[in-house]
Each structure stands twice: as C-alpha cells, then as structure tokens.
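Only one structure is covered here, and it is reproduced in the block below.
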Amino acid sequence: MAYVPLADQDDPHALHDPHSFITKYVWSQDHKVIAIQYGGTAIFVGLIALGLSILMRLQLGFPDSISWIDPAFYYQAVTMHGMIMVVYLLTALFLGGFGNYLIPLMCGTRDMVFPFLNMLSFWFYLLSVIILLASFFVTGGPAGAGWTLYAPQSITAGTPGSGGGMLLMLISLAVFIVAFTMGGLNYVTTILQARTRGMTLMRMPLSIWGIFTATVLGLFAFPALLVSAIMLGFDLVLGTSFFMPAMMQLGEQSTQDGGSPILFQHLFWFFGHPEVYIVALPAFGLVSDVIATHARKNIFGYRMMVWAIIAIGGLSFLVWAHHMYVSGMNPYFGFFFATTTLIIAVPTALKVYNWVLTLWQGNIRLNTPMLFAIGFIFTFVHGGLTGLFLGNVIIDVPLADTYFVVAHFHMVMGVSPVLVLYAALYHWYPKMTGRMYNETMGKVHFWCTFLGTYAIYLPMHYLGFLGVPRRYYEMGNTDFVPATAQALNANITIAAIFVATAQVLFFINIFMSLRKEKDAGGNPWGATTLEWQTPDTPPKHGNWGPELPTVYRWAYDYSVPGAKQDFIPQNEPGEEYEKTFHTRGHS
Amino acid sequence: MAIAVVLVLLVVGSVVFHFASPWWFTEIASNWANIDFTVNLTFWVTGFVFIAVNLFLAYSVYQYRQRKGEASKAVYEPENARLETGLTVITTLGVAALLAPGLFVWAQFVTVPEEASEFEAFASQWQWSFRYPGADGQLGTADIQHITETNPWGINPDDPNGQDDVVVKKPYMALPLNEPAKVLLRSRDVLHNYTVPHFRVKMDMVPGMVSYMWLEPTRTGVFDILCEQYCGLGHHIMRGRVEIMEPGDFQTWLADQPTFAETQAQPAADVAAGQQSYMVCASCHGQNGEGNRALNAPALAGLQPWYIERQLRYYSEGVRGANPEDTTGQSMAPMANMVNSDTARRNVAAYIETLSGNDSAQTTVSGDIDRGARIYSANCAACHGDDGRGSWATDAPALAGMDDWYLALQLEKYRSGIRGQHRDDDYGYQMTSMVKAMRTEEQQNDVIAYINSLR
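Keeping their order, the protein sequence lines are chains A and B. 781 is the number of the first residue of the first sequence in this note's numbering; add one for each residue after it. 6 is the number of the first residue of the second sequence in this note's numbering; add one for each residue after it.
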C-alpha cells in the first residue's frame, strides 16, 4: 500500500487517539495542544518581560522609588525585556502558537506532517526559556548588553552579566533556533505538501500566507543569529577573536586582536531585520482575516495582499544595514540601504490601504476582535510613518539611538503586533475553547490597551527629537533637556503601569469565560475559512472526523450577491460566484 | 461608533500635541540645517498621510458599521485594478519625494570638504579625550598597543607627526566657529558614539578602526557631548562638553593645551620637595598618611598620585570643597592652596605614594558582606576594579584600604549633591549617578563592609 502521510489520511482513528492525560496534554503530538503549550509559555515569559519594562519605567519616571534598581540591574532589565519580547514572546506566539493552531485547521489537514518533530519543537522552546530564565540566578545576573548584544561590549567586563548571564543567553538563543527550525520546517512542509483537496495556494487565507512567508524568512534569517551566537560564544569562552579587536580594559591590553565588531552587527541585523517581518507578516495575515470576517466583506485586493507579503518578505533581506547607518560602516552603503528601505514602504502601505478599503463599504461588526484590528491599523500607520524618518538615512542621523527609535519600534513591532495578538486571541477563542468570551470585558480591555499605549509612545517620539538617548539609566545633568522632560517621563510611566494592569482583564476574561460564558457553537462569527467548519468545537485530535474537507472557493466569499447568507464556507460546493474576478480563476 | 470618534480625536490630539510640544530639536549649532529641512519635509508628507488614512478609516468605520435593527450588507468587490494601481503610483511618488532630498543631503554628509581641519575624539569606558594636529597639520599615528598611563591616547611615540599633536585628557574640547571640522573617531575598548544634539550629526566609534564625520559649527556656546551607543555600565555617565569659540579664542585655548611631546618629557617628581610640602598635611593626615578620624582627615597612603593631584587641583579651583554645606571640604580647600601649582601637586603626590599608612586601621562600618559584594561587583568593580584598587584607565581611585568612615562620608556627599555637582567635576559627576546603586544606608553599609574585606 502506498504511504499516505498522516495529515492526508481520511480516517486516522487508529493513529490519533491518545488516551492517557500525559499523552493527551503533556507529551502531545496534537498541533492544537502544542499550540496552546507554545502560546501559554510565550505569554508567561512575556509577562516577565512586561514586569521588567515596568521596573525600567519606574526608574525613568520615578527614580528612587525602588532602592534595588541600580544601574547594572537597569541595563539587565533593558536587555532581557527586549530579547524576551522579540524572540521568546512574539516569534513564539505568532508562529509556535498561531502557526501551530491554524495551519492544519485552515489548510484542512489532520495535523502537521511531522507531529513528533512538532512536539520536540515545543520542548526545545521550553528548554530555551528555562535556560534564559536561569540566567537571572547566576553570579553577575542576566546579560545586560542590550538586546542587540553588540560585541565587544556584550562579552567584556564593563557590561553587567557579561559572563555567565551572557553565556546562558547565547545558549538559550541557539536552543531556541533549533526549536524554531524543527517547527518551521514542519509549517512550511505542511503548507506546501499537505493542503486538502481544492486548497490552492491562491485560495489560502492570508493568515496562512503571513505565517508561511514569515516561517521561510525565519529559516533563512535565524541561521545568521545562530552563527553569530556561536562565534560570540567562542569569543567569550575560548578567547577567539571573531568580533574582538585589540582593546584595553581597566588598563590591561586584551589578548584578543583582529576581530570585527561591525561584522557582528551585519550578522545580527541580517537576522534582526527579517525578524521584524517574522513578527509582522503573521500579524498582517491574522488581522486580514479578522477584518474580513467582521466586516463581512472579502479582503480587498487579495492577490495584491499575497504579493505584498512575498515582496516584503523578499525585500526584508536587503535592508538590514539601515540599523547601522551611524555604525561606522562605509557611509556609501547608506545610499543603497535607504533606497531599499523606502521601497519596502510601498507594499507595506498598500496593505494598509487594502485593510481600510476592506472596511469601506463593509458591514462592520464592532466587537472586540474588530476593535483590536482597527486599533492595529491606527498604530501601524503611525509606526510605519515614523519608519520613513528612520529609514531615510540622513534623518536617521540625528534620531538614531534616541527615544524616537524606542517609540518607533515599540509602536510598529510592539504595540501593533500585540493588538493583533489580542484580536486573534479573542477571535479564535471560541474555536479553541468552544466558549464565547465576555464581550464587555473584552472591550474595556481594548480601550485601556489602545489608548494607554498611545499615551506611552506618542510623546516618547518627542523626547527623541529633543535628543534624549535610549539606554540611559538616568538623564542626569544636561543643559539641553528641560525639566519638563522629567514630568513627561513620569506621565509615560503612569500610562505604562495603567496598561500593564489592564492586561489582568484579559486573563480574567479567558479563564472566567471557560466556565461562565455560553457555548459558542462551531462557527459563531459566520466565517468562511475551514477552521470554523470542523465537526467538533474545539476540534478533536485529527480535526475532521472521518473525511477531510474539500475546498471549492477562496477564503473570502462574504456578502456574495444572491447567496442565502452573508458568507459561503470554503468547503461548500457550488459555483464560485460569477463575475470573473481573477482571484477565483486560479483553481 | 465610539471607535470612529476616538480615532478622529486621536488624529486631532496628535496634531495638537505636535504643535504644542515643548520637546523638539535643540537650537541648531552646526551647518546641518539641511537635516532639519528633510525632517520637516518628512513631517509634512507623513503627517498628511497619517491624517488622511486615519480619517478615512474613521469615516469607513462610522459609515459602514452594523446598526441595531437595521439590515445592511457589504459590497462584494474583490479587487479594483485601477484603484490599486493608482494608490501604488501615488505611494511610490510620495516615497521618492522623501528619499530624493534625503539622499541629496546624505551625499553632502559623506563628502568631507577639502578645507576641513581634523581633530580626534577618543572614547573609552567611560571617558572622553581629544587630540588636535599640531603645527604640521597632521595627526600622528596611534594604536591601542601604545597606550600607557602616561600615553592614554596611544600615540605612536616614534611617529614624528605625533610629537606636536595637542592632547586633551579631560572631557572638554573646543572648536572654532564657522570652520569645517572633520571629526576622526576612535575607541579604546567597546563601541561608543560621539553625539552633540545641537550638531545633529553623530557617528559610532569602533575599536580597531577610525570612523569619521564632518560639521561646521555655526554659533558659539558650550554644548553637551553624549555617548549614544550603549557601551556598558557607565554609558549614561559618559559625558563631555564642546565649546564653540571665535577662531582667535580657539587658537588661544589650543595654545594652552600641552603637546604630546610635552606630556612625555615631564621631569620626574621631586619627592624631597614633596616631603617638604607634606609637613603641613601631616598635622592632620598623619606622618605616615594614615589619617585621623577626629580631625576628619582621611588616610592618604594608598591613593594614586594622579588622583591626589586632581583632588588638590579641584580644591584649589573651587571645584571641590566650595559647597557651603561641605564643611569638611571647606576646611581642606585653603590647605590645598599651599600646593597650588602643577609641580607642587606632583611632588607632594609622589611623596604620599611612598607612605605606608597604618595597616591596622579600625573598621567602623559593618554590614552584610555578601549583599555588598553583589552590589559592588555589579556597579563599582567596572571602574574601581574587582580588588578595589582603582585604575588610571577608568580615572577611579583606590577604595580598598581607605578609611571606611571616609567612604561613607563621601558617598553621602555624592548622594546629597554636596560633591560632584560642580560643572567641572567631570569624574565626581559620574559618582553622583553610580551612588544610586546604594540608595539606602543599609545598602551603603553592605558595600563598605565588602570594601573593608578587600584590604
């Protein structure tokens, strides 16, 4: 008998029926359980990073309020906050969490093509988190090098945690990359090889396009981080000189010589810039599906949205040195990287237009996921536009390494993706649990988060124009910073504490709703995509019962003229709506 | 509904905030007004897009929201080639309109004028020093391996071009007004960055290479120099100042600074003369430099000569001990005037270096040594050393073996702003920040107890 991959088997019962608690929920190979394990771990470690950010804000807004925030701890908090948020929360939650949950369901497969590898991916991720958190308990504390880990500073004695903490950080990153590679190969293979009958590439929901492209980016970008982590680790432990030039410390000549600090930056940002899109592209995808579903309207310009995702993904490998305009690299690079960087603004802007044009002439349901999605459009427009300042090389010169940069990247890859995460968590919560969340509490959570974060980051840009540098324990004596800047810092801190506190609402909501709220039914939103058409909610292991679904149409048949309801599921047979739109001609 | 209103309010609020904000670029002090122009241009273009997109978003949400009791239906329109092409073209044009002037100004930035004169800024954890070419108009070559306590710039002693280089070993530099300057940037250890917000331009300093940029000062004044590339624990206290002077004043200032050859040709200190001067000091600080707590006189034995010289100079110049609340410092200030010349200070410091102090000095502070060790190694050791012996390389005095009551007194002074707040006390200023590693008396006692254990 020919081998049929698990994901494609019509009746998988013999294989897919874990009985004991351990195999069902702990050593699980079910992509949905793994997704929740990934998501739960990511959110847990993200809460630690959130706590660190509040401590940093207390130091900046109310110095002296906490006696143990010394300069060393402050820089360690800066570092751990940044690294956890970017890698261990956002990357893991979008790809390990949503990627795992949605890929098999949206593509109509029973599971990932390599379920065992998928399980291994989570346990390696958990291991990387444990190693990272262990660095809080070693002598000297966690790494305090800034999340960019720039050599030589990151591994020399003048930086807090440059010994054991730094080593654990590098090991943890390497383990994380192993975990990501196992998961990532799985996601890509599943999407390319295991889609159900009729699910052509151009019928895939944008969530899958975003997750797919981001995963491909990750598979190309993370190796750059892996080699730089290994080489930096060698410089630290073995005394090699990949990144270490001749230097002097505490009056002693170093034994290392000849390495290049700028090489480290190139390697780091060759990973680091695609990383921005590893986070952003899944967000783009998820938010597109939330918007289309709740606007009851097809996503506007689907094909362009797909090509924009691919174009952004491709271009993201050609812009990395815009993080290095003032690094001392050959300044003529600035011409090239400024041009590529501003070109990337075009497909990105088109995506924004298409989201707004999807709402235009829609039939908008203003529930919690939609509010978060609208909030995302607003913050992403803001963060994207400030990117045009920093990408344009000469404007970056006065603003580099100031609070303008901090405000920009928090707006565009902090607040915006997090708003999408909440939109997505509320949107798919009924599918994951079978219960409806509490709408009122969800909306209050939205308003606190959206308005609060804008109050944090809008004014922060202006500190940057003034010239206040980032990564300063305190501003201290300067002639050019007016006293009002301290008042502003205090206000930003209050807003930050407010936002952090408001997140409690989310946790109360998702846990209370498990018991209190009503049964959601299989497809409460009237959504077209396959995950809402499962025979059981939450879907059982194997997802589809005896027979895999067959796809007959694209993912966005909302409000089709003449149809009996305002959505037609992808697996509903019948003619695709006539009016030869190219989108649907690709079947 | 509410979201549409809020979006409009946020757009209006952001615009109002922008125009009302007191936080904006500092008044420019260089030729780079072009940069401000490109920033403003970008503001107008992006501001327009910000307003237009968000107002359209708010309108769409308001107009096409589901209303209770009203049946409504979305329009089915998968794509619209004309609209999408039009938006692509407009966006591309808008981006090009931002990029073109940006690259034009960048071309100016990367093209250093032929007539620009050079100077060098040299960064280390966490200090600045500077170097100007001498009469030959050329800087001598320099390398990390040449660095010693007396040659902290690493100037090649065998390079004739370097002999007349004017060297500045303090975080204070000057530039002449309206003369283009090419800034050469070097680092002794990690990445640093030379930033003067009023100049607009900045560039990283990278160990192992020389980076550069150029500018032309356009108004006189004293401006802050900041490090804006994270360089470790003391990043935020790595400060300097640049004074823009009329060209004549600049030449005078430059002539007052020593040349490299002069710094290397200093005669050895006269210990006998220093011993002579020390007679006065001995009445309080003791014959052996062991100190006398009853007279508030700390031990001096074990302190590095360069540190003693600097503090004596500070006392003489009113940088230290001039604060009316600094009662003990005020009693030292007139005494320091008795050795009020560089030579006299060198001599007495050299004599103090020969003193043995008193090894059996009593400790007066007790605390939790383990907790103190944690705070010390995290926040103090980077400059003062794991062994507490200090280093010329970080301008940090020895702590181990010093009187613990004196350490406590000085930490208190830093904390309360009695010491280190004078504008010229560049090193004391750093301590006013680092002392925040010990915000409570308990923490301070723990650290001092640990330092006691380092004797």
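Beta carbons are placed, not taken as given, at the ideal position from N, Cα and C, and that holds for glycine. Fair warning: this is a prediction, and the values are worked out from it, not measured in the lab.
For this session: Please state if the CB of B/V440 and the CB of B/I380 are separated by a distance shorter than 8 Å.
Result: Cβ atoms of B/I380 and B/V440: not closer than 8 Å.
Problem set entry | C-beta atoms of B/Y235 and B/L189 nearer than 8 Å | no
Problem set entry | Outcome for B/E125 when other beta-carbon atoms lying within 10 angstroms are tallied against a minimum of 16 | Around the beta carbon of B/E125, a 10 Å sphere encloses 16 or more other beta carbons of the protein chains shown; the residue is thus reported as buried.
Exercise. Under three-state DSSP, which class holds B/T423?
Worked result: In the sequence as presented, Thr is not what sits at residue 423 of chain B; that position holds Ile. The answer is coil: DSSP assigns B/I423 none of H, G, I, E or B.
Problem set entry | Cβ distance (whole Å) where B/Q269 is taken to contact B/T153 below 8 Å | Rounded, the Cβ-Cβ distance is 10 Å, inconsistent with contact.
Problem set entry | Cβ pair B/L3, B/G393 closer than 8 Å | Outside the displayed span of chain B (6 to 460) sits residue 3 of chain B, for which this structure offers no information.
For this session: Using the DSSP secondary-structure output, state which residues sit across from B/P181 in a beta bridge.
Result: B/M250
Problem set entry | Outcome for A/W848 when other beta-carbon atoms lying within 10 angstroms are tallied against a minimum of 16 | With fewer than 16 other CB atoms across the displayed protein chains lying within 10 angstroms of its CB, A/W848 is exposed.
For this session: Less than 8 Å between the CB atoms is what I'm expecting for A/G1222 and A/Y1206, so what's the real figure, rounded?
Result: 6 Å
Problem set entry | alpha helix (DSSP H) runs contained entirely in the segment 924 to 1005 of chain A, provided each spans 4 or more residues | 944 to 973
For this session: Following the continuous alpha helix (DSSP H) through B/V13, name the residue where it begins and the one where it ends.
Result: 7 to 25
Exercise. Helix, strand or coil: which one does DSSP assign to B/R376?
Worked result: helix
For this session: Could you please give the first and the last residue of the uninterrupted beta strand (DSSP E) stretch that includes B/M210?
Result: 207 to 210
Problem set entry | Meets three-Cβ-pair contact criterion under 8 Å: the segment 29 to 43 of chain B and the segment 105 to 115 of chain B | yes
For this session: Would you decide whether A/Q1036 is buried or exposed? Buried here means 16 or more other CB atoms lie within 10 Å of its CB.
Result: buried
Problem set entry | chain A residues whose Cβ lies nearer than 8 Å to that of B/W29 | Y1242, F1245, L1246
Problem set entry | A/Q1033 - partner residues in DSSP beta bridges | In DSSP, A/Q1033 forms a bridge with A/M1028.
Exercise. Residues of chain A with a CB under 7 Å from the CB of B/V10: which are they?
Worked result: Under the 7 Å cutoff, chain A gives no residues; its nearest Cβ is about 12 Å from B/V10.
Exercise. Bridge partners of B/V171, per DSSP?
Worked result: Per DSSP, B/Y137, B/T264.
For this session: Determine which residues share a DSSP beta bridge with A/M1193 and list them.
Result: Looking at the DSSP assignment, A/M1193 forms no beta bridge with any residue, so it has no partner.
For this session: Could you name the residues of the segment 1062 to 1090 of chain A whose beta carbon sits closer than 8 Å to any beta carbon of chain B, in the order they occur along the chain?
Result: A1075, R1076, K1077, N1078, F1080, G1081, Y1082, R1083, M1084
For this session: Could you tell me if A/S816 is buried or exposed, where buried requires 16 or more neighbouring beta carbons within 10 angstroms of its beta carbon?
Result: The question names Ser, yet the displayed sequence has Ile at residue 816 of chain A. When all chains shown are included, A/I816 counts as buried.
For this session: Could you tell me which residues DSSP pairs with B/M218 in its beta bridges?
Result: Answer is B/V188.
For this session: Report yes or no: is there a C-beta of chain B within less than 8 Å of the C-beta of A/M982?
Result: no
Exercise. Going along the chain, which residues of its own chain have a beta-carbon closer than 6 Å to the beta-carbon of A/W1100, five neighbours each way excluded?
Worked result: W1049, F1050, H1053
Problem set entry | Local Cβ density within 10 Å of B/D170, reported as buried at 16 or more and exposed below that | buried
Exercise. Counting only beta-carbon atoms, is B/N384 nearer than 8 Å to chain A?
Worked result: yes
For this session: Just the C-alpha distance for A/L897 and A/N966, rounded to the nearest angstrom, thanks.
Result: Here the alpha carbon of A/L897 sits roughly 8 Å from the alpha carbon of A/N966.
Problem set entry | Which of helix, strand or coil DSSP assigns to A/V1185 | Under the three-state reduction of DSSP output, A/V1185 falls in the helix class.
For this session: Kindly provide the ranges of any alpha helix (DSSP H) runs that are 4 or more residues long and lie completely inside the segment 392 to 460 of chain B, ordered along the chain.
Result: 409 to 421, 431 to 439, 446 to 458
Problem set entry | Option nearest B/V231 by Cα separation, candidates B/L144, B/Q132, B/A121, B/A401 | The sequence given here has Leu at residue 231 of chain B, not Val. Minimum Cα distance to B/L231 is reached at B/Q132.
Exercise. Under 8 Å between the Cβ atoms of A/A954 and A/G941?
Worked result: no
Exercise. Looking only at C-alpha atoms, which of A/L870, A/G1244, A/M1292, A/Q839 sits nearest to A/T1166?
Worked result: A/G1244
Exercise. Using 8 Å as the limit for Cβ to Cβ distance, is A/H1162 near chain B?
Worked result: yes
Exercise. Who are the Cβ neighbours of A/A1091 in its own chain at under 6 Å, not counting the five residues just before and after it?
Worked result: Scanning its chain for C-beta atoms nearer than 6 Å, with the 5 sequence neighbours on each side dropped, one finds around A/A1091 the residues P1127, in chain order.
Problem set entry | Cβ-Cβ distance between B/D194 and A/T936 below 8 Å | yes
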